[in-house]
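*Asks:* Sharing a structure here in structure tokens format.
Number of protein chains: 2
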Amino acid sequence: MRGSGTTPDPAPDPASDLADRTRPAALARLLRREILTGVLPPGSAIKERDHADRLGVSRTPLREAVRILAQEGLVTLRPLRSPLVAQPALEEVLAEIAVLRRLELFSGELACANATPAEIKAIGALVAAIARDHAQGDRLDVFDLDMQMHRAIVAAGHNAALMRTHGEYLARLFRVRFLSARERADAARVLADHDAMLRALQTRDAALMDAAITAHFDGLERNITRLLGPASGPQADEGAAGDAGAAGG
Amino acid sequence: MRGSGTTPDPAPDPASDLADRTRPAALARLLRREILTGVLPPGSAIKERDHADRLGVSRTPLREAVRILAQEGLVTLRPLRSPLVAQPALEEVLAEIAVLRRLELFSGELACANATPAEIKAIGALVAAIARDHAQGDRLDVFDLDMQMHRAIVAAGHNAALMRTHGEYLARLFRVRFLSARERADAARVLADHDAMLRALQTRDAALMDAAITAHFDGLERNITRLLGPASGPQADEGAAGDAGAAGG
DNA sequence: GTGGCCGGAATGGTATACCATCCGTTCCGT
DNA sequence: ACGGAACGGATGGTATACCATTCCGGCCAC
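Shown next as structure tokens:
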């Protein structure tokens, strides 16, 4: 394409799937990563000129990238002022988790009703992969696979709108879910939840699915409340996610 | 043709307040209106140069406006090709309605738990206003008030994320909900549903709220399936919303 | 000493010129 | 006569110059 470009643009990104082709999407991915890993701390300004220059692109595509991140909730736009890296309060995060919970509960119902054998099989493979990687302590892979699994369940519901909205909430809560996934205390429960979800699909047991998802989200809310609740209100947890994610760079 | 002051105005941004002032937002509102009223029919291309010239702005803000509409689902973007006015299939519309139903069910639960007396009173006023206007045959006012009421219930749940996502779905389904609202056959049921919702709030009766919302959406799905199901598929219903939308206010 | 006003720098918003890609058409070759 | 490759127009994507607004620092008046 453009000879001069030489954007780093490497492959491994946990968050998004279809973003490969357009430049704003690639920039959004890059910035998203920097936000989620703490390179761009919450509350910091994203000046168009600076970052466009830094990334070797013009302001136009960078601007679009910022808009994408804004709609994902990772940055907040202010008229005539620099966009800021979002700094969601615990209350707002919990509100989003509550919605995500409902979305996944709905997905679970739909999946139990509509999932094809092939989809169930694929989800089973993901569950197995998660358990395997977890045994090896590969937290990042586990996190990625976990997200894939949840996406697969939603996809198995065969509701395009639900998939889209669910994906938005996953992106929005990426950081917070990452923080929760670092907690290994409840690993056994998480794996049990996954297993229950799989069995629910196999037996078309909507009630079991509901229970498993509920347990999963109860755990997530518990972790988040503990991690963000007491100490950190505004100034989140910088170093927390920093080392783990920064590896990609 | 449209009076300047009296925009029906789907107002798809319940959460973000800053939508009024910026130029792309204003352009998006304009284009949204043209799409929903059928001036820009589904499937038609939105050429940046043409519309920018027509509206007397440059391509840059118009481009942003198109992106806004794309995220609302009213237009579909294609890489390196003109954006198209979206042409959702019945299946996709039903999928979105299914999600909206879940969002409102959740809202209903939250509202029953968290609504303040003042909020309940305001919702009661809306219910009364709807009944009154309906008796006078003022369909457009009814439609607008109905949307306000649903928004108010969601707002009474005090979950900002839910309000935002709910607003997105309302905007996305604006046209289809409008079509349904034109049907007066089930008017009595609609009014009964509203009354039941209000009573549910007043008595904090989550089960009743659930039943009322379910009935409401069953009716919506029935209407939509009947209206869009047999004949129209791809080429929707142009003239339908065209003249009616003009009067709003 | 303090408060208000003014001016310049910084920065997002907009306009516009240029480039890359896609599509329809045409023209050549078989 | 038909098919494919090349040309040209149309159109979205990108870069960049310019404008408007905001913020901040310093100056002046009180």
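From first to last, the protein sequence lines are chains A and B.
Heads up, the first sequence is in the working numbering, so the first residue is 1 and it goes up one at a time.
Heads up, the second sequence is in the working numbering, so the first residue is 1001 and it goes up one at a time.
Every residue, glycine too, gets a C-beta built ideally from N, C-alpha and C.
1) In chain A, which residues lie less than 8 angstroms from residue 1162(B) when you measure between Cβ atoms?
2) Where does the unbroken alpha helix (DSSP H) through residue 1058(B) begin, and where does it stop?
3) Could one say the Cβ of residue 159(A) lies closer than 7 angstroms to chain B's Cβ atoms, at least one of them?
4) Give the straight-line distance between the Cα atoms of residue 1213(B) and residue 1197(B), rounded to the nearest whole angstrom.
5) Quick check on DSSP: helix, strand or coil for residue 44(A)?
6) Hey, residue 1103(B) and residue 1057(B) are a contact pair by Cβ (cut 8 angstroms); roughly how many whole angstroms apart?
7) Can residue 171(A) be considered in contact with the ligand SAH, in the sense that its beta carbon sits closer than 6 angstroms to one or more heavy atoms?
8) Do residue 160(A) and residue 1095(B) have their beta-carbon atoms positioned less than 7 angstroms apart in this structure?
9) Residue 1079(B) touches chain A at which residues, Cβ-Cβ below 8 angstroms?
10) Sort 210(A), 89(A), 63(A) by Cα distance to residue 77(A) and report the nearest one.
11) On the criterion of 16 or more Cβ atoms from any shown chain inside 10 Å, does residue 50(A) qualify as buried, or is it exposed?
12) Residue range of the beta strand (DSSP E) that residue 85(A) falls in?
13) Enumerate in chain order the residues of its own chain whose CB-to-CB distance from residue 132(A) is below 7 angstroms, with the five nearest sequence positions on each side excluded.
14) Should residue 1114(B) be labelled buried (16 or more other beta-carbon atoms within 10 Å of its own) or exposed?
15) Between residue 112(A) and residue 205(A), which are expected to be in contact by the criterion C-beta below 8 angstroms, what is the C-beta distance as a whole number of angstroms?
16) Should residue 1087(B) be flagged as near chain A, meaning a C-beta pair shorter than 7 angstroms?
17) Pick out whichever of 80(A), 189(A), 34(A), 144(A) has its Cα sitting closest to the Cα of residue 65(A).
18) Chain B beta carbons: is any one of them nearer than 7 angstroms to that of residue 305(A)?
19) Mapping DSSP to helix, strand and coil, what is residue 21(A)?
20) Between the alpha carbons of residue 1152(B) and residue 54(A), how many angstroms are there, rounded?
21) Just the Cα atoms here: how many angstroms apart are residue 236(A) and residue 223(A)?
22) With H, G and I counted as helix, E and B as strand and the rest as coil, what does DSSP make of residue 1075(B)?
23) Which of helix, strand or coil does DSSP assign to residue 1219(B)?
24) Can you give me the Cβ contacts of residue 1017(B) inside the same chain, cut-off strictly under 8 angstroms, excluding the 5 residues immediately before and after it?
25) Assign residue 158(A) to one of three DSSP states: helix, strand, or coil.
26) Give the residues of chain B in contact with residue 48(A), contact being defined as C-beta atoms less than 9 angstroms apart.
27) Excluding the 5 residues flanking residue 187(A) on each side, which residues of the same chain have their C-beta closer than 8 angstroms to its C-beta?
28) Please list the residues of the segment 53-68 of chain A that have a C-beta atom closer than 9 angstroms to any C-beta atom in chain B, keeping them in chain order.
29) Starting from the C-beta of residue 1137(B), find all residues in its chain whose C-beta is less than 7 angstroms away, skip the five residues before and the five after it, and write them out in chain order.
30) Within this structure, are the beta carbons of residue 209(A) and residue 108(A) separated by less than 7 angstroms?
*Replies:* Walking through what the data contain:
1) 95, 98, 99
2) From DSSP, residue 1058(B) is part of no alpha helix (DSSP H); its letter is neither H nor E.
3) yes
4) 7 angstroms
5) coil
6) That pair is no contact at about 34 angstroms.
7) Ligands are entirely absent from the displayed structure, and the ligand SAH is therefore not among its contents.
8) yes
9) When 8 angstroms is used as the limit between beta carbons, residue 1079(B) is near these residues of chain A: 21, 22, in chain order.
10) 63(A)
11) Per the 10 Å Cβ criterion, exposed.
12) 81-85
13) none
14) exposed
15) 7 angstroms
16) no
17) In this structure, 34(A) is the residue among 80(A), 189(A), 34(A), 144(A) with its C-alpha nearest to the C-alpha of residue 65(A).
18) Look at the range of chain A in this structure, 1 to 249, and you will see that residue 305(A) is not part of it.
19) coil
20) In this structure, the CA atom of residue 1152(B) is about 45 angstroms from the CA atom of residue 54(A).
21) In this predicted model, residue 236(A) has a pLDDT of only 38, less than 50, meaning its place in the structure is not dependable; the value taken from the coordinates is given anyway. The alpha-carbon atoms of residue 236(A) and residue 223(A) are separated by roughly 15 angstroms.
22) strand
23) If DSSP states are grouped into helix, strand and coil, residue 1219(B) belongs with the helices.
24) Caution is warranted here: a pLDDT of 39 is assigned to residue 1017(B), below 50, making its placement in the model unreliable, and the coordinate value is therefore given only provisionally. Hits under 8 angstroms: none found.
25) For residue 158(A), the secondary structure class from DSSP, reduced to helix, strand or coil, is coil.
26) Under the 9 angstroms cutoff, chain B gives no residues; its nearest Cβ is about 13 angstroms from residue 48(A).
27) For residue 187(A), the CB contacts under 8 angstroms within the same chain, skipping 5 residues up- and downstream, are 134 in chain order.
28) 60, 63, 64, 67, 68
29) none
30) yes
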